[in-house]
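Undergrad:
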Amino acid sequence: MAGNIPQNLKYTKEHEWARSEGNRVVVGVTQHAVEALGDVVFVELPKVGATVTSGKQFGVIESTKAVSELYSPLSGKVVKVNDALSNDPQTINSDPYGAGWIIELEPSDTKELASLMDASAYGDLLKNS
Amino acid sequence: MSRRTPLNEAHRRLGGRMVDFVGWDMPVQYTSVIAEHEAVRNAVGLFDVSHMGEIEFSGPGALETANKLITNDLSKCADGQAVYAGLLNEQGGFVDDVVAYRFSAERILIVVNASNKDKDFAWMKAHAQGVKPVDRSDDYAQIAVQGPKAVGLVQRMTPADLSKVSTYRFTEGPVAGVQCIISRTGYTGEDGFELYCAPGDAEKLWEALLEEGQQDGVKPCGLGARDSLRTEMKYALYGNDIDDHHTALEAGLGWICKLDKAGGFIGRDVLAKQKAEGVKRKLVGFELTGSGIPRHGYPILKDGQRVGEVTSGTMGPSVKKPIGIGYVPTELAAEGSTFDVEIRGRPVSAVVVKTPFLKKS
Numbered sequence: 001m002a003g004n005i006p007q008n009l010k011y012t013k014e015h016e017w018a019r020s021e022g023n024r025v026v027v028g029v030t031q032h033a034v035e036a037l038g039d040v041v042f043v044e045l046p047k048v049g050a051t052v053t054s055g056k057q058f059g060v061i062e063s064t065k066a067v068s069e070l071y072s073p074l075s076g077k078v079v080k081v082n083d084a085l086s087n088d089p090q091t092i093n094s095d096p097y098g099a100g101w102i103i104e105l106e107p108s109d110t111k112e113l114a115s116l117m118d119a120s121a122y123g124d125l126l127k128n129s
Numbered sequence: 001m002s003r004r005t006p007l008n009e010a011h012r013r014l015g016g017r018m019v020d021f022v023g024w025d026m027p028v029q030y031t032s033v034i035a036e037h038e039a040v041r042n043a044v045g046l047f048d049v050s051h052m053g054e055i056e057f058s059g060p061g062a063l064e065t066a067n068k069l070i071t072n073d074l075s076k077c078a079d080g081q082a083v084y085a086g087l088l089n090e091q092g093g094f095v096d097d098v099v100a101y102r103f104s105a106e107r108i109l110i111v112v113n114a115s116n117k118d119k120d121f122a123w124m125k126a127h128a129q130g131v132k133p134v135d136r137s138d139d140y141a142q143i144a145v146q147g148p149k150a151v152g153l154v155q156r157m158t159p160a161d162l163s164k165v166s167t168y169r170f171t172e173g174p175v176a177g178v179q180c181i182i183s184r185t186g187y188t189g190e191d192g193f194e195l196y197c198a199p200g201d202a203e204k205l206w207e208a209l210l211e212e213g214q215q216d217g218v219k220p221c222g223l224g225a226r227d228s229l230r231t232e233m234k235y236a237l238y239g240n241d242i243d244d245h246h247t248a249l250e251a252g253l254g255w256i257c258k259l260d261k262a263g264g265f266i267g268r269d270v271l272a273k274q275k276a277e278g279v280k281r282k283l284v285g286f287e288l289t290g291s292g293i294p295r296h297g298y299p300i301l302k303d304g305q306r307v308g309e310v311t312s313g314t315m316g317p318s319v320k321k322p323i324g325i326g327y328v329p330t331e332l333a334a335e336g337s338t339f340d341v342e343i344r345g346r347p348v349s350a351v352v353v354k355t356p357f358l359k360k361s
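If you read the protein sequences in the order shown, they are chains A and B.
Counting along the first sequence from 1, when you hit position 45 you're at 45 in UniProt numbering, and nothing is skipped either side.
Counting along the second sequence from 1, when you hit position 135 you're at 135 in UniProt numbering, and nothing is skipped either side.
Okay, here's the thing in structure tokens:
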């Protein structure tokens, strides 16, 4: 199931999304990821100030049955984390592209954004998976 | 290719997310594990448990033969009564955990885990002294109807007087016109029934329960909710919490082992010795007091040393806490004892609590 794929986001093959906001980038997981995971019950977030690397793990998302790694779409520094997820991780299920955002980054190289998939390419990936 | 229950098509029509479960194509969830879990706690849920195995002993001597194989005592049961029991190996470990139904002294039905059915049947054939077991698994489909509204729902669909069928009792009769064994048993901690019927009737019964149960808020439920519901009750799951190398006493299931029953049972002597000497490890329930979720296989640490292992764990949807079950040395088994669970290399603090985790009013 493809789920909802907003046009204004960039995507990774591990089903994270990235949204550019000025010199920052907000990161979350896609509706497809959420549907595959089921009910999210726990998110292990990085600390503000942590350095993340594109394609490398930055956190963990757990559903009722499975533990999955979260991979950073970009390299950079974590400037905000969505602390509200500690009390209500199911926000990721109900609003994966909005209130269910996970971290906000200050990318070290904004050009990396261009290397991510656009909505159409991500849609193709889901269709072929 | 996974095996399919008679309800496979029905699960697909309902949007069930199908997974391979011990060789069976089963729904893990339809919409949401948490929503299905809550439907069972607050209203009523249906589970397809047709993959379970049924092994029958019938004819003169059936009771005596079956009773020697299981740890509990069917000779103390009335006809129409069922017991939870173990099949143990010579070391007191579990071959399986089962429910044994006494229809009469000449007909006993033992319901076994799907994953163990062939092993159990071979074991019973090898150890039965007297009546030979018959594998009747293909003759039964099974639907569990569980939740506070389950009894009312099933009662509306059967002329049988279910007020006379108390916990761990069963009767036979039509439900929605389908001939069933109607058993007041389950694996969720809620009241309800397990209905056994002919495979060809299962879909009719399932659809009728869904339709009649609409007014009760019935939901079809998958294996995900079944697991979180049973974990909140600390009901053992074979392969996780009980297995062939932990004894029934270590698992806290001494209450299903009647050491003094006439004829005894396989593994009895090991348990009697262990009971006299005390066990070295115990299966306990714990809550995490740090952040994370305990999962099957995670190490249990005390002062940095590995002393045990988590056998089951989840974020309990009703208790709203990360809860787990695991084996620990006896000195750490008392309520209030503390230890760490290693989660992705990090020790997370935990405390032993009284079980079941879910306290019912």
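C-beta: ideal position from N, C-alpha, C; glycine also.
The structure presented is a predicted model; accordingly, all values stated were derived computationally and were not measured.
Does the Cβ-Cβ distance between B:A82 and B:A141 come in under 9 angstroms?
TA: Not closer than 9 angstroms, so no.
Undergrad: Could you tell me the boundaries of the beta strand (DSSP E) in which A:L85 lies?
TA: A:L85 -> not in any beta strand (DSSP E); alpha helix (DSSP H) instead, spanning A84 to N87.
Undergrad: Which one or two residues does DSSP pair with B:E194 in a beta bridge?
TA: Beta-bridge pairing links B:E194 to B:A144 and B:S183.
Undergrad: From B:Q214 to B:D340, what distance separates their C-alpha atoms?
TA: Going from the Cα of B:Q214 to the Cα of B:D340 covers about 45 angstroms.
Undergrad: With a cut-off of 8 angstroms on the beta carbons, I'd call B:V131 and B:G59 a contact; round off their distance for me.
TA: 6 angstroms
Undergrad: Taking residue 153 of chain A as the reference, give the member of A:P46, A:E44 and A:V29 with the closest Cα.
TA: Residue numbering for chain A in the displayed model covers 1 to 129; residue 153 of chain A lies beyond these limits and cannot be assessed.
Undergrad: Between which two residues does the alpha helix (DSSP H) holding B:K204 run?
TA: A202 to E212
Undergrad: Can you list, in chain order, the residues of its chain whose CB lies under 6 angstroms from that of A:K80, leaving out five sequence neighbours each side?
TA: E104
Undergrad: Residues of chain B with CB closer than 7 angstroms to the CB of A:D39, please, in chain order.
TA: S32, V33 and I34
Undergrad: Can you name, in chain order, every residue of its own chain whose Cβ lies under 7 angstroms from the Cβ of B:R268, other than the five neighbours on each side?
TA: L259
Undergrad: Which residues bound the beta strand (DSSP E) around B:D25?
TA: W24 to Q29
Undergrad: Just checking: is the beta-carbon of B:T311 within a distance shorter than 9 angstroms of some beta-carbon in chain A?
TA: no
Undergrad: Nearest CA to the CA of B:G92: which residue from B:T355, B:E106 and B:G264?
TA: B:G264
Undergrad: Which same chain residues end up closer than 8 angstroms to B:H245 when comparing Cβ atoms and leaving out the 5 residues on each side of it in sequence?
TA: So the qualifying residues of the chain are Q91 and G93.
Undergrad: How many whole angstroms separate the CB atoms of B:Y238 and B:D96, which I take to be in contact at a CB cut-off of 8 angstroms?
TA: About 6 angstroms separates the beta carbons of B:Y238 and B:D96, which is inside the 8 angstroms limit, making them a contact pair.
Undergrad: Counting only the same chain and skipping the five closest in sequence on each side, list residues whose C-beta sits under 8 angstroms from that of B:V134.
TA: I55, E56, F57 and S58
Undergrad: Thinking C-beta only, is B:I343 closer than 9 angstroms to B:F286?
TA: No.
Undergrad: Check each candidate in A:F58, A:K127, A:L116 and A:D124 and name the one with the smallest Cα separation from A:L9.
TA: With distances taken between Cα atoms, A:L9 lies closest to A:L116.
Undergrad: Between B:G239 and the ligand NAP, is the CB less than 8 angstroms from at least one heavy atom?
TA: In the structure shown, the ligand NAP is absent, as is every other ligand, since no ligand is present at all.
Undergrad: Might you give, ordered along the chain, the residues of its own chain that have their beta carbon closer than 6 angstroms to the beta carbon of B:E172, omitting 5 neighbours on each side?
TA: I181
Undergrad: Between B:H11, B:A333, B:L253 and B:G45, which has its C-alpha nearest B:K354's C-alpha?
TA: B:A333
Undergrad: Going by alpha carbons, who is nearest to B:M1 out of B:V22, B:R17, B:G15 and B:A10?
TA: B:V22
Undergrad: Is the beta carbon of B:A62 closer than 9 angstroms to that of B:R107?
TA: yes
Undergrad: Kindly provide the ranges of any alpha helix (DSSP H) runs that are 4 or more residues long and lie completely inside the segment 23 to 65 of chain A, ordered along the chain.
TA: 31 to 37
Undergrad: Quick check on the burial criterion: 16 or more other C-beta atoms within 10 angstroms. Buried or exposed for A:S94?
TA: Exposed: under 16 other Cβ atoms inside 10 Å.
Undergrad: Quick one: which unbroken beta strand (DSSP E) runs of 3-plus residues sit fully inside the UniProt domain "Aminomethyltransferase C-terminal" (281 to 359) of chain B? Chain order, please.
TA: Those beta strand (DSSP E) runs which fall completely within the UniProt domain "Aminomethyltransferase C-terminal" (281 to 359) of chain B and span 3+ residues are 281 to 288, 299 to 302, 305 to 316, 321 to 329, 338 to 343 and 346 to 353.
Undergrad: Shortest alpha-carbon distance to B:N42 belongs to which of B:F170, B:K125 and B:K149?
TA: B:K149
Undergrad: Under 7 angstroms between beta-carbons, which chain A residues line up against B:S228? List them in chain order, please.
TA: Contact note: B:S228 reaches chain A through T64, using a C-beta cutoff of 7 angstroms and chain order.
Undergrad: Which residues does DSSP pair with B:D135 in a beta bridge?
TA: B:I55
Undergrad: Flag this pair as yes or no: are the beta carbons of B:L7 and B:S75 separated by less than 9 angstroms?
TA: no
Undergrad: If we define contact as Cβ-Cβ less than 9 angstroms, is A:V67 a contact residue for chain B?
TA: yes
Undergrad: Is it right to say B:V328 is buried, meaning 16 or more other beta carbons lie within 10 angstroms of its own, or is it exposed?
TA: buried
Undergrad: If we define contact as Cβ-Cβ less than 9 angstroms, is B:Q29 a contact residue for chain A?
TA: Yes - at least one Cβ of chain A is within 9 angstroms of the one on B:Q29.
Undergrad: Is B:V351 close to chain A, meaning its C-beta is less than 9 angstroms from at least one C-beta of that chain?
TA: no
Undergrad: Count the other CB atoms within 10 Å of the CB of A:V48; is the residue buried (16 or more) or exposed (fewer)?
TA: By the neighbour-count rule (16 or more Cβ atoms within 10 Å), A:V48 is not buried but exposed.
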